[in-house]
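The block underneath contains the structure these notes are about, expressed in structure tokens.
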Amino acid sequence: MGLFDNFRFEPLPAKWAVEAEAWQDRYFPEFSEVQDEKRWSRHYPGLPVTRLSSIMATPEGFAPYASKALASEPRTTDLSWRVWKAADLHDDEFQTALKIIRAQASTELGSIQQHRMVYEKLDKSNVTGLDHELIEGMHRASDNGGADLESISFSKKRVCVEELRHHYQMSAVLTLDPTWDEKRRWGHRWATETMEELFAMKPGEHVLDAFNIEFQSLLDSATFLALIDRVGKFQLEMQHHFYYGPMALSMPYMRWLEESYHLAAGEKLLRAIGAASALNVANFGAEDMQKRINMWYPRGMEMFGSELGGMQVKGKFKTLTNREAQAIYEREVAGKIRDINLSIVAARARCTKDQAEPLVDRILSGETVHGLTTADLVYQPDRRFFRIRGLTEYGDFQLPGRLGQGVGFVYLPYDVHGTLLTENGKADGKPIAKEDYVEYLRTVLPPEYMTSRHWDFVKRDFLFNPTWGDPVRVTGSW
């Protein structure tokens, strides 16, 4: 049996195929480059060129993939309990399904808009500043003269083509079932209105924060793929359990045949950048990597939703609650952080990754090994650092003058290691002023981020939004 025997291909309705092509022409005009068979085979020999089409698992082919999904159970592989028409979903089920599909579709388009910020510079050889140092450093550190601009750029475009296909997939989930529109719940044609909204979203207008942050560097692209696309992997696996059948059937090809490449591309670049940083062959170091990790990791954590939520979707739309999935993500990221450190140490010590294992442990215990200290390695930020949404600890606070506890936004200035920054330096002290926290963040986040559109949003809607006031403990006091 061939690979594609487990899947069926179906084009979008003509109207939405035209809309998708218009969006593609505007935001991804390089699409045709990646569809060129000769170029593609030069970079990915033996792999078929990505096809822009809806690709759903056949009912017979679904179970083997679903059985591999995170926290899979017998019902995850069983399609008999699913609903196949949006019209058959109860109102709350309809809203939940639409919310998840809309967010998923938005991430695909937002990601393309972000990656283009990097590959355009690579294509024009307009590489300056940090990116120039990264490329030069990887080239000098590579035994085979790696860090080829064209290969890196083509890799980004492959990711973009697959993200575009993922958007086709979500579009198919909405538009191949006419009952999203035919049963006009609350007076809306939900498929049509959602599709129009998605195609109209400009950079900075997407559903999830992580997809509204500008890519300033190749290091952003690599860190995003390794950390943010990793959350996507988790969601795609958990959604094999999706109650609305067409969405469940959409998951296998996206997760197992496409998303894995995105993670690997990011991890490979981060390891190469880490190795180059250890050899002092260019003007960058682990601190540059760390600041990007500090910026992207909190947004990845928030993509799981409130840490106290997800009970209503577990067992019906996903296999785990938000916090259950997030905890596994934390452990997986810890392993990837260690992989980067192994690359750093192996490069400096001129040894294998296995031989670097005890050396990394010695450095982390405080020793200087081959001239490397903890300052030359990277680390995983605490889960509470720079969180603007959904932190469990927010439940211990309430907004001034309001009843009930909140798990949305509360100003709690945790540092990268999870210590609450207080005026008296004690754990039960009053949090430092917001202006002082801004100054702290300037020391641990990329300088480019501190002048970005997303940082302006954080300050306006969260840090200095008078709606929130100052946090009040539900019990006790500062």
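Numbering-wise, numbering that gives the first Met the number 0 puts 147 at position 148 of the sequence shown, and it's gapless, one number per residue. Where a beta carbon is used, it is the ideal one built from N, C-alpha and C, also for glycine.
- Nonlocal neighbours in the same chain, by C-beta distance under 6 Å from Val443, ignoring five residues either side: The beta carbon of Val443 lies closer than 6 Å to those of Asn293 and Val415 in the same chain, with the five residues before and after it left out.
- Item | Ile387: first and last residue of the uninterrupted beta strand (DSSP E) it sits in | Neither: Ile387 is in no beta strand (DSSP E) and is coded neither H nor E.
- Message: Considering just the uninterrupted stretch of the alpha helix (DSSP H) at Met310, what are its terminal residues?
- Response: Looking at the DSSP string, Met310 is not in any alpha helix (DSSP H), and its letter there is neither H nor E.
- Query: So what does Thr421 bridge to, in DSSP terms?
  - Reply: Paired residues: Pro430.
- Spell out a yes or no on whether the stretch 282 to 296 and the stretch 184 to 192 are touching, meaning 3 or more CB-CB pairs, one atom from each, closer than 8 Å. Result no; under three Cβ-Cβ pairs closer than 8 Å.
- Between the C-alpha atoms of Phe385 and Ala263, what's the straight-line distance to the nearest angstrom? Straight-line Cα distance between these residues: approximately 26 Å.
- Task: Enumerate, from N- to C-terminal direction, the unbroken alpha helix (DSSP H) stretches of 4 or more residues contained entirely within the stretch 317 to 384.
- Result: 321 to 348 and 352 to 363, all fully within the stretch 317 to 384.
- Task: Measure the Cβ-Cβ separation of Leu121 and Ile151 and say whether it is below 9 Å.
- Result: Contact flag set, yes.
- Would you call the stretch 79 to 90 and the stretch 240 to 247 touching, i.e. three or more CB-CB distances under 8 Å? With the cut-off at 8 Å, the stretch 79 to 90 and the stretch 240 to 247 touch.
- Item | Chain-order list of residues whose beta-carbon lies under 7 Å from that of Glu29 (same chain, five-residue window excluded) | Cβ within range, chain order: Lys156.
- Whose C-alpha, out of Ala225, Ser154 and Glu257, is nearest the C-alpha of Gln168? When each option's Cα is compared against that of Gln168, the closest is Glu257.
- Task: Would you kindly check if the distance between the Cβ of Leu358 and the Cβ of Val377 is under 9 Å?
- Result: It is not a contact, given that the beta carbons lie outside the stated cut-off.
- Query: Just how far apart, CA to CA, sit Leu440 and Trp467?
  - Reply: Spanning the two alpha carbons is a distance of roughly 20 Å.
- Task: Answer yes if the stretch 58 to 65 comes into contact with the stretch 210 to 218, meaning at least three C-beta pairs across the two stretches below 8 Å, and no otherwise.
- Result: With a cut-off of 8 Å on Cβ pairs, the stretch 210 to 218 is not in contact with the stretch 58 to 65, counting fewer than three such pairs.
- Query: Looking at C-alpha atoms only, which residue of Tyr328, Gln325, Ala355 and Ile327 is the closest neighbour of Ile339?
  - Reply: Nearest option by C-alpha distance: Ala355.
- Message: Please confirm whether Tyr243 has its beta-carbon closer than 9 Å to some beta-carbon of chain B.
- Response: Although the question refers to chain B, the structure presented lacks it and comprises just one protein chain.
- Message: Please report the straight-line C-alpha distance between Arg188 and Asp180, rounded to a whole angstrom.
- Response: Taking the straight line from one Cα to the other gives about 4 Å.
- Item | DSSP state of Tyr243 mapped onto helix, strand, coil | Reduced to three states, the DSSP call for Tyr243 is strand.
- Cβ-based neighbour list, Trp255, same chain, cut-off 8 Å, excluding 5 preceding and 5 following: Tyr64 and Lys67.
- Item | Simplified DSSP assignment, three categories, for Val82 | Note: Val82 maps to strand in three-state DSSP.
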